[in-house]
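Undergrad:
There are 2 protein chains.
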Amino acid sequence: MKQTPTSILTNSNLRKTPIRLQVLQLLLREETALSSQQLESNLHKPDRITLYRTLRTFEQKGIVHQVVDGTNNPKYALCLNACNEHQHLDQHAHFHCVQCGKTICLTEVSQPSIHTPAGFVVQSSHLALQGFCPDCIFKGKKKKSTL
Amino acid sequence: MKQTPTSILTNSNLRKTPIRLQVLQLLLREETALSSQQLESNLHKPDRITLYRTLRTFEQKGIVHQVVDGTNNPKYALCLNACNEHQHLDQHAHFHCVQCGKTICLTEVSQPSIHTPAGFVVQSSHLALQGFCPDCIFKGKKKKSTL
DNA sequence: TCCTTTTTTGCAACATCGTTGCATTTATCA
DNA sequence: TGATAAATGCAACGATGTTGCAAAAAAGGA
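Top to bottom, those sequences are chains A and B.
Going by this note's numbering, the first sequence opens with residue 1, and the numbers climb by one from there.
Going by this note's numbering, the second sequence opens with residue 1, and the numbers climb by one from there.
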């Protein structure tokens, strides 16, 4: 079924407040992972603290997860249906475009199977790719998107 | 040839100052990647600002590189000989132990070859693994190392 | 060894990012 | 519509990282 901001909040037993609805709307529209700063500058003058708390709440409820894109700047993306408040599954690679700054979930690229050295127990992994996204390859110097 | 703090600085035309020698000594001894905070708390009361500048200088000269370990907290590790002031090559995976907090370069695990979706041009990639390192698997609850 | 030059440091001040406590406001539901 | 539990907004704080500038230190030659 199609997800809407309202349905997502209802499913997680969270109240439908303006900032939560706006965050979800933005994450559903853009299909990229957004940092708290990117969210902040694209929402209707949200309170910074409330936004942090919103993201933490969403993370705890399995609505969003943090994305590792190699920039050391945490990004947030909507979880697929597989996530909930008990477990987070985010088993695909992420792509960070060095031109426009977008971070894109490559849902079709699964985590590679790794031959880990003896003695290491792997619980999770992140694969982050950097380069040029399709929008930026042939377009020459494009302004860095605010998204 | 074996690298020493002094030889590294000589090769990069950098002056041999106490803090630089200490940072290199620590990175050579520990074979893990260290954050600026980890470095700070393991050095001889260094000036915080000088430490940041030291790391930036080292990075520009190809002496250290930033490591992506999935914690969104930048770590620094010595470059292999392949790096210099013109290019950074760090084509191996990194392992972050959730128990002791160490970040270990898995030099024997190369970056996997990825079948990237059409339209994306990949320039670099980071593979970060999380789990338990050999030291922590059978030792039960161990205090988080300050390193 | 000492002197000069250039690099590096250390300090003050500042910017950004993120968190906590608490009173006020708001969403929800009876 | 009113009660109540949840969520917000504000003040204050801590950690992280940066810049400008004067003082100190390293390097190399006389």
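Just so you know, even glycine gets a beta-carbon here, dropped at the ideal spot from N, CA and C.
Note that the coordinates shown come from a computational prediction; the quantities given were computed from them, not determined experimentally.
So that I know if they touch, is there some Cβ in chain A lying closer than 7 Å to that of PRO5 (chain B)?
TA: By one-based count along the second sequence, residue 5 (chain B) stands at place 5. Cβ-Cβ to chain A under 7 Å: no for PRO5 (chain B).
Undergrad: For ASN84 (chain B), collect the residues of the same chain with a Cβ closer than 6 Å to its Cβ; drop the 5 residues on either side in sequence, then sort them by chain order.
TA: Reading the second sequence from its first residue, position 84 is the one you call residue 84 (chain B). Counting only Cβ-Cβ distances below 6 Å, and skipping sequence neighbours, we find GLY62.
Undergrad: Classify GLN60 (chain A) as buried or exposed, calling it buried when 16 or more other Cβ atoms lie within 10 Å of its own Cβ.
TA: For the purposes of this step, residue 60 (chain A) is identified with residue 60 of the first sequence, where counting begins at 1. With fewer than 16 Cβ atoms within 10 Å of its Cβ, GLN60 (chain A) is classed as exposed.
Undergrad: Would you kindly report the start and end of the unbroken beta strand (DSSP E) that includes ILE104 (chain B)?
TA: Locating residue 104 (chain B) in the second sequence gives position 104, where the first residue counts as 1. ILE104 (chain B) -> beta strand (DSSP E) spans 103-110.
Undergrad: Cutting at 8 Å between CB atoms, please list the residues of its own chain near ILE19 (chain A), excluding the five before and the five after it.
TA: Locating residue 19 (chain A) in the first sequence gives position 19, counting from the first residue. Cβ neighbours of ILE19 (chain A) beyond the five flanking positions: LEU43, PRO46, ASP47, THR50, LEU51 and THR54.
Undergrad: Quick check on GLY101 (chain B) - is its C-beta less than 7 Å from some C-beta in chain A?
TA: Within the second sequence, the letter at position 101 stands for residue 101 (chain B). No - not a single Cβ of chain A is within 7 Å of the one on GLY101 (chain B).
Undergrad: Residues bridged to LYS75 (chain B) by DSSP?
TA: To locate residue 75 (chain B), count along the second sequence from 1; it is residue 75. Partner(s): B:SER35 and B:VAL67.
Undergrad: So, do the segment 2-10 of chain B and the segment 96-110 of chain B have three or more beta carbon pairs nearer to each other than 8 Å?
TA: Verdict: no, contact absent.
Undergrad: For a contact meaning CB atoms closer than 7 Å, what does HIS126 (chain B) contact in chain A?
TA: Here residue 126 (chain B) corresponds to residue number 126 of the second sequence, with the count starting at 1. Here the neighbours are GLY70 and ALA128.
Undergrad: Kindly list the residues whose CB is nearer than 8 Å to the CB of GLN66 (chain B), restricted to its own chain and excluding five residues on each side of it in sequence; keep chain order.
TA: By 1-based counting over the second sequence, the position of residue 66 (chain B) is 66. So the list reads GLU59, PRO74, LYS75 and TYR76, once near-sequence residues are dropped.
Undergrad: Could you tell me if HIS126 (chain A) is buried or exposed, where buried requires 16 or more neighbouring beta carbons within 10 angstroms of its beta carbon?
TA: Position 126 of the first sequence, counting from 1, holds the residue named residue 126 (chain A). By the Cβ neighbour-count rule, HIS126 (chain A) is buried, with 16 or more other Cβ atoms within 10 Å of its own.
Undergrad: Nearest-angstrom Cα distance between GLN123 (chain A) and GLN130 (chain B)?
TA: Taking the first sequence and counting its residues from 1, the one referred to as residue 123 (chain A) is at position 123. Taking the second sequence and counting its residues from 1, the one referred to as residue 130 (chain B) is at position 130. For GLN123 (chain A) and GLN130 (chain B), the distance between alpha carbons rounds to 6 Å.
Undergrad: Which one of B:ILE104, B:SER113, B:ILE137 and B:VAL109 has the shortest CA to CA distance from GLU30 (chain B)?
TA: Counting from 1 along the second sequence, the entry for residue 30 (chain B) is found at position 30. The shortest C-alpha separation from GLU30 (chain B) is found at B:ILE104.
Undergrad: Does ALA93 (chain B) pass the burial test, meaning 16 or more other C-beta atoms within 10 Å, or should it be called exposed?
TA: Position 93 of the second sequence, counting from 1, holds the residue named residue 93 (chain B). ALA93 (chain B) is buried by the Cβ-count criterion.
Undergrad: Can you tell me the Cα-Cα spacing of ASP135 (chain A) and GLN25 (chain B), whole angstroms?
TA: For the purposes of this step, residue 135 (chain A) is taken as the residue at position 135 of the first sequence. For the purposes of this step, residue 25 (chain B) is taken as the residue at position 25 of the second sequence. If you take the alpha carbons of ASP135 (chain A) and GLN25 (chain B), they lie about 45 Å apart.
Undergrad: Just checking: is the beta-carbon of GLN60 (chain B) within a distance shorter than 7 Å of some beta-carbon in chain A?
TA: In the second sequence, counting from the first residue as 1, residue 60 (chain B) sits at position 60. No, GLN60 (chain B) lies away from the interface with chain A (no Cβ there is under 7 Å from its Cβ).
Undergrad: Using only CA atoms, which one of B:THR17, B:GLY101, B:GLN87 and B:LEU39 lies nearest to ASP69 (chain B)?
TA: Sequence index remark: in the second sequence, residue 69 (chain B) carries index 69 (1-based). When only C-alpha atoms are compared, the closest one is B:GLY101.
Undergrad: Given that ALA134 (chain B) touches chain A, what residues does it touch there, using C-beta distances under 7 Å?
TA: If you number the second sequence from 1, residue 134 (chain B) lands on position 134. Inspection of the sequence shows that residue 134 (chain B) is occupied by Pro rather than by Ala. Result: GLY119 and PHE120.
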